[in-house]
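Asks: What follows is a single structure, and I will ask about it in a moment.
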Amino acid sequence: MYRCFMIDVGSLRALTAVEQYGTVIAASDALGYSPSAVSQQIKKLEKEAGFAVLERRGRGVLLTERGVALAAYGRKIMAELEELQSTLLADPAQPTGRLRITAFSTACRGLVGPLLGQLAQAAPHLDVTLLAEDPREAVARVSNGEADLGLVHNWNSVPLVIPEHLSLEWLSEDVADVLVHRAHPLAGRDSVEPADLVAERWISTPQGAICNEALLRIFTDLGRIPDIRVYDPDFGTHVALVQQAAVIALVPRLGRGTLPADVVAVPVSNPPQVRHVGLVHRRTMTASPGIQLASALLRKIAVGP
């Protein structure tokens, strides 16, 4: 005989978080609760359900077969609740609540900076936070509910995978140039090709970053790898070291600002270095007034004056 029980949404959220993050401690960090509070929620769920949803495995935990099934239903319920909160319970004329944005660093300067100023005027009761992250991490954070809106880029040579439950809208194209010192032999060129750059010393974003992969792939057809002497995540540092004639750099135009007099930007051809800039959010949040307002403003900012 099957038992009937009332599902506590908080307990269900705790279970889905444990499934997503793998441990009670990681789930508690994501939810903003203490580990003991999450454990109590899980115990409450097990007591109400009449079966175990977690089992110990070494120092960690695994979901039982029934726990996995319950977590799957939990994800659906959480998505429906999120959609309800973002539509029927929200005032489209007055966006309120929180809007958690994650964006790559140049988008923070070139796109989100102007956005924050405009949102402060258009929706003063919308609580906006911003976290700078590489696009892969941004997609993961939006996907699992840790952020609401993500600004990402997709290099023509490095595709970005977007989960099906996320909505993706492309906003603009961002061209990257090779930056050299004005005394460099390539400074007077109208453009450069990969073969012109083989013997150069480079500064790059850290290994594993998408911009680093884009730089590596420039030389794929030549069977070579660039001679990278410096790794730094900040393109401002790239510009500063090019100014010292120590290295050259591949730097996107978005958020780049005015270059120093000693630094020259040379376009790359065959192929040109272009990345598409877009925004992602969960499909359940499509009707959210905050998402709609921020997206509309970003479209205008991306087009420019």
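Numbering (the numbering used here) for the sequence shown: 821 to 1125.
Ideal Cβ placement from N, Cα and C applies to all residues, glycine included.
On a predicted model such as this, the values are computed, not experimentally measured, just so you know.
1) Tell me which same chain residues have a C-beta within less than 7 Å of the C-beta of P955, skipping the five on either side of it?
2) Applying the criterion that 16 or more other CB atoms from any shown protein chain within 10 Å of the CB defines a buried residue, is P1072 buried or exposed?
3) In this structure, how does DSSP classify P1091 when only helix, strand and coil are distinguished?
4) What whole-angstrom Cβ distance do V1067 and V1083 have, given they're in contact under 8 Å?
5) DSSP puts L1017 in a beta bridge; with which residues?
6) Kindly indicate which residue of T836, G880, Y1051 has the alpha-carbon position closest to the one of A899.
7) Could you check what DSSP says for M821 in three-state terms: helix, strand or coil?
8) Candidates V873, H945, Q1063, V1097: which alpha carbon is nearest A1167's?
9) What does the Cβ neighbour count give for I1023, buried or exposed, with the cut at 16 atoms within 10 Å?
10) Within 10 Å of its beta-carbon, does L883 have 16 or more other beta-carbons around it, so buried, or fewer, so exposed?
11) Going by DSSP, what residue range makes up the alpha helix (DSSP H) through D1041?
12) Using a Cβ distance threshold of 8 Å, determine whether the stretch 1084–1101 contacts the stretch 958–968, with at least three qualifying pairs required.
13) Note down the Cα distance separating M821 from G870, rounded to an integer number of angstroms.
14) Does DSSP put A967 in a helix, a strand or coil?
15) Using three-state DSSP, classify H1096 as helix, strand or coil.
16) Express the C-alpha separation of R1095 and F1039 in angstroms, rounding to a whole number.
17) Just how far apart, CA to CA, sit S992 and R877?
Replies: In terms of the structure at hand:
1) In the sequence shown, the residue the question calls residue 955 occupies position 135. Correct list, in chain order: F924, V972, H973, L980, I1030.
2) Taking the sequence shown and counting its residues from 1, the one referred to as residue 1072 is at position 252. The residue is buried, with at least 16 neighbouring Cβ atoms inside 10 Å.
3) The residue you call residue 1091 lines up with position 271 of the sequence shown. Of the three classes helix, strand and coil, the one that applies to P1091 here is coil, per DSSP.
4) Taking the sequence shown and counting its residues from 1, the one referred to as residue 1067 is at position 247. Taking the sequence shown and counting its residues from 1, the one referred to as residue 1083 is at position 263. Their Cβ separation, rounded to whole angstroms, is 11 Å, which puts V1067 and V1083 out of contact at 8 Å.
5) By 1-based counting over the sequence shown, the position of residue 1017 is 197. DSSP lists no partner for L1017.
6) To locate residue 899, count along the sequence shown from 1; it is residue 79. Checking every option, the nearest Cα to that of A899 belongs to T836.
7) For the purposes of this step, residue 821 is identified with residue 1 of the sequence shown, where counting begins at 1. Below a pLDDT of 50, predicted positions are generally treated as unreliable, and M821, at 45, falls in that range; no measurement from the model is reported.
8) The first residue shown for the chain is 821 and the last is 1125, placing residue 1167 beyond what the model contains.
9) Looking up residue 1023 in the sequence shown gives position 203. I1023 should be labelled buried.
10) Sequence index remark: in the sequence shown, residue 883 carries index 63 (1-based). L883 should be labelled buried.
11) For the purposes of this step, residue 1041 is taken as residue 221 along the sequence shown, with counting starting at 1. Element bounds for D1041: n/a, residue is neither H nor E.
12) yes
13) Locating residue 821 in the sequence shown gives position 1, counting from the first residue. Locating residue 870 in the sequence shown gives position 50, counting from the first residue. Confidence in M821 is poor, its pLDDT being 45 and thus under 50, which makes the residue's placement too unreliable to answer from.
14) The residue you call residue 967 lines up with position 147 of the sequence shown. Residue state, collapsed to three classes: coil.
15) The count along the sequence shown starts at 1 and reaches residue 1096 at position 276. Note: H1096 maps to strand in three-state DSSP.
16) The residue you call residue 1039 lines up with position 219 of the sequence shown. The residue you call residue 1095 lines up with position 275 of the sequence shown. Taking the straight line from one Cα to the other gives about 17 Å.
17) Taking the first residue of the sequence shown as 1, we reach residue 992 at position 172. Taking the first residue of the sequence shown as 1, we reach residue 877 at position 57. Whole-angstrom Cα-Cα distance: 48 Å.
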